[in-house]
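Numbering (this note's numbering), first residue to last: 148 to 550.
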């Protein structure tokens, strides 16, 4: 009877030992390849040989998936210059990969089916989308370091997740903003986003006086060139001498409602040159900003709430005000390129998403704040005053497209 080509183990799997080199003691250095069937074994052998030709012999150093995830983070994500850079990866590793029971298995023994079952528990969410991308990067790094021989994560089906569209303010929320009993600082914060399109951190970095003053009330211009960031690994706000992106460097006009709010707030003494600081006269921390925003929403609810529904405003974030600003620019038919620069978008496609998915225009035309935005058209057509963007003074309708 001819000898079997492959040895069958007691557990039912077939095995073939492949010599990949010589050990220090002079003995052959072999790797064992397994398969449940001969067909699977031969497939695994060919896959191993292909990886061996590309990357050499896999390392004998063993890592569980959990161990490799941590090793990957410290080697690839833990950027000391940008402490926030790898935070999202660490959150996924800590909250999802490490608690997974299968992560205690040798990374080379985890099967595609294991990963598929793990991903199914996450659903079609943004987290699942990020997890899949992280696993692909982790396995790529494992192959580079001879910890694994194949990237099974690449075979995971893509996660069909679409981010929900950003909403605008409701008419009730717009009324609440106009009627709320805001302090001058609260009103300046809200109006800077709603009537100038600034990001949260850009508002918190505005300077009312001193060197590099960014609020020019006589000329009615806002210079946006700084940003307060809240690193995810700490509570304290940090001043960055740049907006979120290079495109965020801009000079926006101050229209009537915002001018009044800034004038009132700038007249308050807070011990610094910055417009908005916390009670200690320091940059807002993540905590103090959260309290500021919660107080703003409480006052809006107090303005429009009823006995039946005392808190009708829910889920309101500051970014919704900024999206509302862009929507009104589309409603008054401001050129998209102009809106892009006023928003500080690095890519005009972000602006066009608002312009091409504009909801019911009549709802905005009859809004209590619609008339305020018409001032942008008057400014840009030279009927009111010139506007300076990035050092250029523009007048007349012929300049609309190059703002």
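Ideal placement from N, C-alpha and C gives every residue a C-beta, glycine not left out.
For residue 267, the first and last residue of its enclosing alpha helix (DSSP H): 259-267
Practice task
May I have the straight-line CA-CA distance separating residue 227 from residue 219, to the nearest angstrom?
Solution key: Unreliable positioning characterises residue 227 in this predicted model, as indicated by a pLDDT of 46, which lies under 50. The coordinate reading is nonetheless provided below. The alpha-carbon atoms of residue 227 and residue 219 are separated by roughly 15 angstroms.
Hey, how far is the Cα of residue 393 from the Cα of residue 416?
32 angstroms
Fill in: Residue from 177, 174 and 187 with nearest C-alpha to residue 552
Summary: the structure shown does not reach residue 552, with the chain confined to residues 148 through 550, and so no result is reported for it.
query: Can you round the beta-carbon distance between residue 404 and residue 342 to whole angstroms, since I take them to be within the 8 angstroms contact cut?
result: 6 angstroms
Cβ-heavy atom distance between residue 241 and the ligand SAM below 7 angstroms?
-> The ligand SAM is not part of this structure, which contains no ligands at all.
message = Can you tell me whether residue 89 is helix, strand or coil according to DSSP?
response = The question about residue 89 has no answer, for the chain in this structure spans 148 to 550.
Per DSSP, what kind of secondary structure is residue 182 in: helix, strand or coil? strand
*Using the beta-carbon count (16 or more within 10 Å), is residue 454 buried or exposed?*
exposed
Which same chain residues, not among the five before or five after residue 487, have their C-beta less than 7 angstroms away from its C-beta?
495 and 498
Taking all protein chains shown into account, decide if residue 327 is buried (16 or more other Cβ within 10 angstroms of its Cβ) or exposed.
buried
Residues sharing a beta bridge with residue 345, DSSP: DSSP lists no partner for residue 345.
- Query: Measuring CA to CA, which of 268, 302, 267 and 272 is closest to residue 284?
  - Reply: 302
> How big is the Cα-Cα spacing for residue 350 and residue 323?
Replying inline: 21 angstroms
Exercise. Going by DSSP, which residues form a beta bridge with residue 383?
Worked result: Note: residue 383 sits in no beta bridge, so no partner.
Rounded to whole angstroms, what's the CA-CA distance from residue 353 to residue 408? Just pull it up for me. 13 angstroms
Can you name, in chain order, every residue of its own chain whose Cβ lies under 6 angstroms from the Cβ of residue 250, other than the five neighbours on each side? 212, 213 and 244
* Verify whether the separation of the beta carbon atoms of residue 367 and residue 376 is less than 8 angstroms. => no
Just to check my reading of the structure: residue 402 and residue 523 have Cβ atoms closer than 8 angstroms, yes? What is that Cβ distance to the nearest angstrom? 7 angstroms
> When the Cβ atoms of the stretch 357-365 are set against those of the stretch 510-519, are three or more pairs found closer than 8 angstroms?
Replying inline: no
I need the DSSP call for residue 153, collapsed to helix, strand or coil.
coil
Which one or two residues does DSSP pair with residue 162 in a beta bridge?
154 and 181
Exercise for the section: Taking all protein chains shown into account, decide if residue 296 is buried (16 or more other Cβ within 10 angstroms of its Cβ) or exposed. Expected result: buried
*Where do the N-terminal and C-terminal ends of the beta strand (DSSP E) with residue 374 fall, by residue?*
374-376
Alpha-carbon spacing of residue 320 relative to residue 447, whole angstroms
7 angstroms
Exercise. Determine which residues share a DSSP beta bridge with residue 398 and list them.
Key: 370
So the alpha helix (DSSP H) residue 493 belongs to, where does it begin and stop?
Premise fails: residue 493 is in no alpha helix (DSSP H) and is neither H nor E.
How long is the line joining the alpha carbons of residue 313 and residue 385, rounded to whole angstroms?
27 angstroms
Original post:
Based on Cα-Cα distance, which residue from 437, 235 and 189 lies nearest to residue 154?
Top reply: 189
Practice problem: Quick one: using the 10 Å Cβ neighbour count with 16 as the cut-off for buried, is residue 222 buried or exposed? | Solution: exposed
Residue closest to residue 410, alpha-carbon to alpha-carbon, out of 197, 185, 163 and 336: 336
Would you report the Cα separation of residue 183 and residue 395, rounded to the nearest angstrom? 58 angstroms
Practice prompt. Report the partner residues of residue 362 according to the DSSP bridge assignment.
Written response: 369
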